[in-house]
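Reviewing the structure listed below.
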Amino acid sequence: MNETLQQTSPFLRACRGLTTDYTPIWLMRQAGRYMPEYRAIRAQHSMLEVIGTPELAAEVTLQPINAFGLDAAIIFSDILPPLIGMGFHLEFAKGEGPVIYNPITSPADVAVLRTPSAAENMGATLAAIRLVTAELTPRNIPLIGFAGAPFTLASYAVEGGGSKTYSKTKALMYTAPEAWDQLMRKLVIVQAEYLRQQVVAGATALQLFDSWAGLALGVQDYVRYVQPYNTMLFAELADLGVPVINFSGGTAVYFPEVVACGGDVIGIDWRLPLDVAWEMAGIDKPAQGNLDPVALLTEWPTLRERVDDVLVRAAKVRAAGGAPHIFNLGHGILPNTPVDNVRRLVEYVHEATAR
Numbered sequence: 188m189n190e191t192l193q194q195t196s197p198f199l200r201a202c203r204g205l206t207t208d209y210t211p212i213w214l215m216r217q218a219g220r221y222m223p224e225y226r227a228i229r230a231q232h233s234m235l236e237v238i239g240t241p242e243l244a245a246e247v248t249l250q251p252i253n254a255f256g257l258d259a260a261i262i263f264s265d266i267l268p269p270l271i272g273m274g275f276h277l278e279f280a281k282g283e284g285p286v287i288y289n290p291i292t293s294p295a296d297v298a299v300l301r302t303p304s305a306a307e308n309m310g311a312t313l314a315a316i317r318l319v320t321a322e323l324t325p326r327n328i329p330l331i332g333f334a335g336a337p338f339t340l341a342s343y344a345v346e347g348g349g350s351k352t353y354s355k356t357k358a359l360m361y362t363a364p365e366a367w368d369q370l371m372r373k374l375v376i377v378q379a380e381y382l383r384q385q386v387v388a389g390a391t392a393l394q395l396f397d398s399w400a401g402l403a404l405g406v407q408d409y410v411r412y413v414q415p416y417n418t419m420l421f422a423e424l425a426d427l428g429v430p431v432i433n434f435s436g437g438t439a440v441y442f443p444e445v446v447a448c449g450g451d452v453i454g455i456d457w458r459l460p461l462d463v464a465w466e467m468a469g470i471d472k473p474a475q476g477n478l479d480p481v482a483l484l485t486e487w488p489t490l491r492e493r494v495d496d497v498l499v500r501a502a503k504v505r506a507a508g509g510a511p512h513i514f515n516l517g518h519g520i521l522p523n524t525p526v527d528n529v530r531r532l533v534e535y536v537h538e539a540t541a542r
């Protein structure tokens, strides 16, 4: 662990509840299609080719760091590739998004799933982390590793892709609870070891993405079918010595149950005002978020008004004795986001919060 980075990085200090000279900022999907440099690479390589080639993944990871004054990088990958080594045939189909051609259709399909090591399954991403940290550490910039939460991965594995109803996933939960338990436990094993090895490779913080639980499940189903496994996964990461961010989308109606799963920092989407959601989480816990990504598509006066609202609410919590705030979006940057808006956002957050 790089102790100098831990002490001097505004992002890592905020994650640990320590004071910073300004509000740190990074953005989910900060490396991606809104950047022409990224589009140039994707014109020649598929998504899985970029993820599977350490030099390309490292290059893409560094693109926004070289372009903007962001306070942290996040390794370029996707939440779904760990499913490949478990036995799924995954493709990022053009115009369709991720497609799994052999989804789970019965408990027998769950029983044969493998739990490969991260070195076997995600070796290219671990190699990319080593390349990126060699570049970033001298610049005093931390790298965030990440993984998908068990429910979100399970939903793709069962539905075969994205879903509006999650009917197949919920049918498996309801009608085959033992198979559901086996599936979720296998995902915990794979993801815990993958996250652990990201830290070994050089990541200095982690984020767990539970993107779809809040869109698919009510509170009773979340508590019964998701919360135990997220809790198990966060417990597996507790001894790593790096901050872990607990991010979920659409979970405002049962946010305390989400927070109870664990994590050092709570990610907040845009569906509730920052201070309202933060009070539900407990203001003693550092918070991350919660600008609506669509705000970045607007003209600067409108965007600034939305940013100011987040910053004012964060300052209100801080004045009440709350923990630090890390500025971010409530979900990932949209592909049609103007690059200049990202640049102005990063500069403005730093300037407006300088102490």
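The sequence shown lines up with residues 188 to 542 when you count with the working numbering. All C-beta atoms in this analysis are idealised placements derived from N, C-alpha and C, irrespective of residue type, glycine included. Nothing here was measured: the structure is a model prediction, and the numbers come from that model.
Can you give, in chain order, each stretch of the alpha helix (DSSP H) that sits fully within the region 435 to 478 and has at least 4 residues? Residue ranges of uninterrupted alpha helix (DSSP H) with 4 or more members, entirely inside the region 435 to 478 and ordered along the chain, are 442 to 446 and 461 to 468.
Assuming Leu402 is part of the alpha helix (DSSP H), what are its boundary residues? Counted as a single uninterrupted DSSP element, the alpha helix (DSSP H) harbouring Leu402 occupies residues Ala400 to Ala403.
CA-CA distance, Arg493 and Leu461? For Arg493 and Leu461, the distance between alpha carbons rounds to 11 Å.
Please report the straight-line C-alpha distance between Lys472 and Pro430, rounded to a whole angstrom. Distance between the alpha carbons of Lys472 and Pro430 is about 12 Å.
Using only CA atoms, which one of Pro223, Gln217 and Tyr225 lies nearest to Asp258? Ranking the options by Cα distance to Asp258, first place goes to Gln217.
Figure out for me which residue from Val387, Val481, Pro443 and Val536 has the closest Cα to the Cα of Thr320. Distances from the alpha-carbon of Thr320 to those of Val387, Val481, Pro443 and Val536 put Val387 closest.
Cross-strand partners of His276 (DSSP beta bridge): Looking at the DSSP output, His276 bridges to nothing.
My parser needs the alpha helix (DSSP H) runs of 4 or more residues fully inside the region 357 to 387; what are they? The DSSP assignment places no complete alpha helix (DSSP H) segment of no fewer than 4 residues inside the region 357 to 387.
By how many angstroms is the C-alpha of Arg229 removed from the C-alpha of Leu270? When the Cα atoms are used, Leu270 and Arg229 turn out to be separated by approximately 22 Å.
State yes or no: is the beta carbon of Leu498 nearer than 7 Å to at least one beta carbon in chain D? Included in the structure is just one protein chain, with no chain D present.
DSSP three-state assignment for Asp397, whether helix, strand or coil: Three-state DSSP puts Asp397 in a strand.
Between which two residues does the alpha helix (DSSP H) carrying Gly239 extend? Counting along the chain, the alpha helix (DSSP H) containing Gly239 begins and ends at Met234 to Gly239.
Per DSSP, what are the beta-bridge partners of Pro285 in this structure? Pro285 is bridged to Phe279.
Which first and last residues belong to the alpha helix (DSSP H) in which Ile316 is found? It spans Gly310 to Leu323 - the alpha helix (DSSP H) in which Ile316 sits, taken as one unbroken run.
From Gly450 to Ile432, what does the alpha carbon distance come to, in whole angstroms? Here the C-alpha atom of Gly450 lies approximately 6 Å from the C-alpha atom of Ile432.
Beta-carbon proximity check, Gly405 vs Ile316, cutoff 7 Å: With respect to Ile316, Gly405 sits apart: the two C-beta atoms are not nearer than 7 Å.
How far does the beta strand (DSSP E) with Ala334 in it reach, from first residue to last? DSSP places Ala334 in the uninterrupted beta strand (DSSP E) bounded by Leu330 to Gly335.
Quick check: what's the CA-CA separation for Asp496 versus Leu459? Rounded to the nearest angstrom, the two C-alpha atoms are 12 Å apart.
Beta-carbon contacts of Val345 that lie in its chain and below 7 Å, excluding the five residues immediately before and after: Pro290, Ile291, Lys355, Thr356 and Leu359, listed in sequence order.
Residue span of the alpha helix (DSSP H) that contains Thr231, given as start and end: A quick correction: the sequence has Gln, not Thr, at residue 231. According to the DSSP assignment, Gln231 belongs to no alpha helix (DSSP H), since it is labelled neither H nor E.
For Ala447 and Gly508, what's the separation of their Cα atoms in angstroms? Each residue's Cα considered, the two are about 21 Å apart.
Just mark Pro211 as buried or exposed, buried being the case when its beta carbon has 16 or more other beta carbons within 10 Å. Under this definition Pro211 is a buried residue.
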